[in-house]
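If you read the protein sequences in the order shown, they are chains A and B.
Going by the working numbering, the first residue of the first sequence is number 1, and it counts up by one from there.
Going by the working numbering, the first residue of the second sequence is number 1, and it counts up by one from there.
Read through the structure below, which is laid out as structure tokens, and then see the notes.
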Amino acid sequence: KLGSALHQAVQKLLRSAVVDEKAVKELVKDLQRALLQADVNVHLVMDLTKRIEERSLKEAVAPGISRREYVVKVVYEELTSILGQKVVPLKFTPGKSNIYLVVGIQGSGKTTNIVKLGRLLKKEGHSIGVVAADTFRPGAYDQLKQLADRAEIPCFGDSKEKDSIKAAKKGVKHYQSQKTEVILVDTAGRHKDEKGLIREMQQIAKAIKPDEIILVVDGTLGQQASTQAEAFNAATPIGSIIVTKLDGSARGGGALSAVAATGAPIKYIGTGEKTKDLEKFQPTKFVGQLLG
Amino acid sequence: KEISEKNLDEAFSDLQMALLANDVAYEAAERINHRVKETLEGVQIGRLQSKKDAIREALYDAILDALTPDSPVNLFELLEQRKKANEPLIIMFLGVNGTGKTTTIAKITHMLQKRGYTVVLACADTFRAGSAEQIQIHADRLKVRVLSRPYGSDPASVAFDAINHARARGVNVVLIDTAGRMQTDKNLMAELQKIHRVAEPDLVVFVGDALAGNDAIEQAKTFNEKIGIDAAVLTKVDADAKGGAALSIAIATGKPIIFVGVGQKYSDIESFNPEWFTEKIAP
Ligand SMILES: Nc1nc2c(ncn2[C@@H]2O[C@H](COP(=O)(O)OP(=O)(O)OP(=O)(O)O)[C@@H](O)[C@H]2O)c(=O)[nH]1
Ligand SMILES: Nc1nc2c(ncn2[C@@H]2O[C@H](COP(=O)(O)OP(=O)(O)OP(=O)(O)O)[C@@H](O)[C@H]2O)c(=O)[nH]1
Ligand SMILES: [Mg+2]
Ligand SMILES: [Mg+2]
Chain A
1 KLGSALHQAV QKLLRSAVVD EKAVKELVKD LQRALLQADV NVHLVMDLTK
51 RIEERSLKEA VAPGISRREY VVKVVYEELT SILGQKVVPL KFTPGKSNIY
101 LVVGIQGSGK TTNIVKLGRL LKKEGHSIGV VAADTFRPGA YDQLKQLADR
151 AEIPCFGDSK EKDSIKAAKK GVKHYQSQKT EVILVDTAGR HKDEKGLIRE
201 MQQIAKAIKP DEIILVVDGT LGQQASTQAE AFNAATPIGS IIVTKLDGSA
251 RGGGALSAVA ATGAPIKYIG TGEKTKDLEK FQPTKFVGQL LG
Chain B
1 KEISEKNLDE AFSDLQMALL ANDVAYEAAE RINHRVKETL EGVQIGRLQS
51 KKDAIREALY DAILDALTPD SPVNLFELLE QRKKANEPLI IMFLGVNGTG
101 KTTTIAKITH MLQKRGYTVV LACADTFRAG SAEQIQIHAD RLKVRVLSRP
151 YGSDPASVAF DAINHARARG VNVVLIDTAG RMQTDKNLMA ELQKIHRVAE
201 PDLVVFVGDA LAGNDAIEQA KTFNEKIGID AAVLTKVDAD AKGGAALSIA
251 IATGKPIIFV GVGQKYSDIE SFNPEWFTEK IAP
């Protein structure tokens with residue numbers, strides 16, 4: 001996908017006889033197309049490739065490495081400067097209840113991926129509880145409860161509760177009293193122009209004081225990714241991102257733009273509908289695969 | 001002087017970027033630009049500025065043309081036809097996960113009821129957690145019957161049940177909800193083909209998310225190739241969507257977008273307006 005397209009662009013450069021201005025410009029054009037087709041924000045693509053071109057042509061190459069190796073190094077550095085260098089774990093303090101508030105646009109995959117995350121953390125030995133604080137979507141409680149039951153994770157909620165802030169507070173209080181280590185709070189979908197819902201999100205965060213706010217981003221999200229992520233971050237500071245639905249044909253460039261816009265690292269990626277389909281995001285592995 | 005290929009290429013680059021920034025898929029933007037180039041090649045135009053205006057104008061027309069269906073789908077004509085023939089109109093909804101299929105079905109039910117038609121729903125999503133509960137709540141609110149079967153059942157048989165029910169009771173419309181699926185999943189696409197074979201719907205409607213970027217073209221293209229779609233609904237247009245996904249879907253399938261979702265309430269559905277979208281998408 002994004003990986004193989006960038007890989008091909010870089011391989012083409014590596015096979016070229018001379019790494020001159022023409023070859024670099026061609027690489028940059030190929031990179032631009034690959035990044036744009038992967039849904040990376042248009043402005044980000046232009047900035048990124050402009051920097052890659054300048055650095056590739058103007059910087060002095062260290063002795064002992066060819067100019068072509070140097071160009072690959074530049075691409076690698078520019079991409080990892082956005083995605084980060086290492087795997088960033090979820091913010092977790094042992095010996096207390098850690099509260100994670102999960103937010104995102106309608107249909108992005110919050111409810112499903114909360115249970116996936118709960119299952120992963122349970123395997124790591126933590127006690128888990130999920131809170132159904134989406135009081136708007138029909139069947140939201142049932143959906144979360146059914147998924148949680150299958151993963152053998154406790155689920156707290158009441159399908160008749162209309163007040164999402166109350167639902168969040170009650171759920172968090174319940175698990176805190178049980179000394180549950182990881183509390184995952186599911187919320188209703190919302191987008192930046194639903195001002196009332198954005199305010200509601202702020203009120204939920206104020207009420208439960210989460211240790212980390214996780215933004216769930218749909219892997220198919222296009223150019224709106226940075227604007228939406230920025231708006232969420234401005235309303236409630238986002239601590240991390242989960243990118244979902246990367247098992248389809250989407251390349252997740254929107255998520256890259258969301259990271260660039262918020263500075264929040266991607267910590268997990270969703271790769272399917274089943275509860276086991278969640279992996280830790282490894283940025284260097286991702287970029288390494290990109291560049292072959 | 002004449003517009004040469006080289007002059008066009010330079011002017012097109014900015015306009016191409018503007019299309020991409022408005023969420024038009026890369027391939028769709030390229031195809032639209034190609035059409036415009038064909039329209040303008042050899043045409044006599046004055047100074048460079050009016051050249052750019054000529055391109056912009058041609059681009060506007062090309063976008064509007066792509067968004068205006070050659071063979072429109074008139075839902076209400078179809079409804080009347082089927083009603084006169086004493087047959088239910090069968091509509092099947094498909095698309096990838098989370099695009100708004102179930103909610104769109106509820107909105108269309110509401111719209112049809114306001115026009116005096118009777119509706120029955122088929123919950124042919126027998127896979128996803130909470131799918132039956134979700135559509136049941138909509139059905140209760142809208143006071144329509146929904147047919148469903150236990151989780152894990154064959155989805156095609158749910159569609160079959162609903163169609164038989166509609167025929168037996170003289171219900172005007174059957175709306176079939178299916179589970180979201182990645183169009184790249186061979187097994188799930190085979191399952192969808194089976195539902196299609198059994199239900200023999202009058203209309204297959206692709207439900208696409210207006211916030212999707214380049215994937216919109218992949219989704220629409222594959223669902224159209226593997227199942228065949230008759231029309232599309234674009235959802236979440238209220239989420240400040242730039243509208244480019246509409247162009248991607250239109251170019252990928254040549255099929256009309258009939259409705260747009262503009263919110264989460266039953267009333268948040270509107271007819272697709274090609275001019276409005278062209279204004280939004282065109283640079
Ligand atoms: N293929 C695939 N499907 C996914 C993934 N994550 C979630 N889904 C599916 O995406 C759809 C939406 O997921 P939900 O968990 O309901 O999304 P949500 O964000 O809670 O939706 P709202 O509460 O309505 O905002 C469901 O069909 C999920 O099964 C993933 O990684 N891959
Ligand atoms: N803002 C907005 N939200 C929408 C629109 N259409 C649907 N939604 C929301 O999107 C989310 C997903 O809707 P669903 O109807 O469950 O989507 P689906 O395609 O049936 O999902 P799966 O069955 O899991 O594939 C819900 O929170 C809906 O309320 C729309 O036009 N605007
Ligand atoms: Mg949800
Ligand atoms: Mg559904």
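All C-beta atoms, glycine included, are put in the ideal place defined by N, C-alpha and C.
All values reported here derive from a predicted model rather than from experimental measurement.
* **Segments assigned beta strand (DSSP E), at least 3 residues, entirely inside the region 88-176 of chain B** => Counting only runs of at least 3 residues, the region 88-176 of chain B fully encloses the following beta strand (DSSP E) elements, listed from N- to C-terminal order: 89-94, 119-124 and 145-147.
* **Val185/A, enclosing beta strand (DSSP E) - first and last residue** => Annotation: the continuous beta strand (DSSP E) that includes Val185/A extends over Val182 to Asp186.
* Asked: Name the chain A residues that come within less than 7 Å of Ile137/B, Cβ to Cβ?
  -> Within 7 Å Cβ-Cβ: Pro138 and Gly139.
* Asked: Considering only C-alpha positions, which residue in the set Ser50/B, Gln16/B, Asn172/B and Gly46/B is nearest to Arg35/B?
  -> Of the candidates Ser50/B, Gln16/B, Asn172/B and Gly46/B, the one whose C-alpha sits nearest the C-alpha of Arg35/B is Gln16/B.
* Asked: Between which two residues does the alpha helix (DSSP H) containing Leu147/A stretch?
  -> DSSP places Leu147/A in the uninterrupted alpha helix (DSSP H) bounded by Ala140 to Arg150.
* To do: For the alpha helix (DSSP H) containing Val24/B, list its first residue and its last residue.
  => Unbroken run through Val24/B: none, as it is neither H nor E.
* Can you tell me where the alpha helix (DSSP H) with Asp47/A in it begins and where it stops? -> Counting along the chain, the alpha helix (DSSP H) containing Asp47/A begins and ends at Val42 to Lys58.
* Round the Cβ separation of Val171/B and Pro88/B to the nearest angstrom and send it over; I've been treating them as touching at under 8 Å. => The beta carbons of Val171/B and Pro88/B sit about 6 Å from each other, so the pair counts as a contact at 8 Å.
* To do: Could you name each continuous beta strand (DSSP E) segment of 3 residues or more that falls completely within the region 233-261 of chain B, going from the start of the chain to the end?
  => Considered as a whole, the region 233-261 of chain B harbours 257-261 as its complete beta strand (DSSP E) runs of no fewer than 3 residues, in chain order.
* Asked: With 8 Å set as the bound, which would you pick, yes or no: does the beta-carbon of Leu221/A sit closer than that to a beta-carbon of chain B?
  -> At a cut-off of 8 Å, the C-beta of Leu221/A has a neighbouring C-beta in chain B.
* To do: List the residues that DSSP assigns as beta-bridge partners of Phe156/A.
  => For Phe156/A, which the question treats as bridged, DSSP gives the partners Val131/A.
* Asked: So Ile163/B packs on Ala199/B, CB below 8 Å; how close in whole Å?
  -> The pair is a contact, with the Cβ atoms about 6 Å apart (cut-off 8 Å).
* May I ask which residues mark the beginning and end of the alpha helix (DSSP H) holding Asn187/B? => Its alpha helix (DSSP H) spans residues Lys186 to Ala199.
* Grouping DSSP H, G and I as helix and E and B as strand, with all else coil, what is Gly292/A? -> Its pLDDT being 49, under 50, Gly292/A is placed unreliably by the model, and nothing is read from it.
* Any idea which residues DSSP pairs Leu278/A with across the strands? -> Paired residues: Gly270/A.
* To do: May I have the straight-line CA-CA distance separating Ala235/A from Asp53/B, to the nearest angstrom?
  => Going from the Cα of Ala235/A to the Cα of Asp53/B covers about 40 Å.
* Asked: Residue range of the alpha helix (DSSP H) that Val293/A falls in?
  -> An answer regarding residue 293/A cannot be provided, because it is not within the stretch 1 to 292 covered by chain A.
* Asked: Tell me the DSSP bridge mates of Thr293/A?
  -> For residue 293/A there is no data in the structure shown, the boundaries of chain A being 1 and 292.
* **Rounded C-alpha distance that separates Ile281/B from Gly244/B** => The alpha-carbon atoms of Ile281/B and Gly244/B are separated by roughly 6 Å.
* Asked: How many whole angstroms separate the CB atoms of Leu13/A and Ala23/A, which I take to be in contact at a CB cut-off of 8 Å?
  -> Leu13/A to Ala23/A, Cβ: 6 Å. Contact.
* To do: Check distances from the C-beta atoms of the region 239-257 of chain A to those of chain B and list, in chain order, the residues that come in under 8 Å.
  => From the region 239-257 of chain A, only Lys245, Asp247, Gly248, Ser249, Ala250, Arg251, Gly253 and Gly254 have a Cβ closer than 8 Å to chain B.
* Asked: Hey, is the region 197-205 of chain A in contact with the region 215-227 of chain B, meaning 3+ C-beta pairs nearer than 8 Å?
  -> With a cut-off of 8 Å, the region 215-227 of chain B and the region 197-205 of chain A do not count as touching, because too few Cβ pairs lie within range.
* Mind checking whether Leu112/B and Ala139/B have CB atoms under 8 Å apart? -> A distance of 8 Å or more separates the beta carbons of Leu112/B and Ala139/B.
* Asked: Cβ of Arg119/A less than 8 Å from any chain B Cβ?
  -> For Arg119/A, the answer is no, since every Cβ of chain B falls outside 8 Å of its Cβ.
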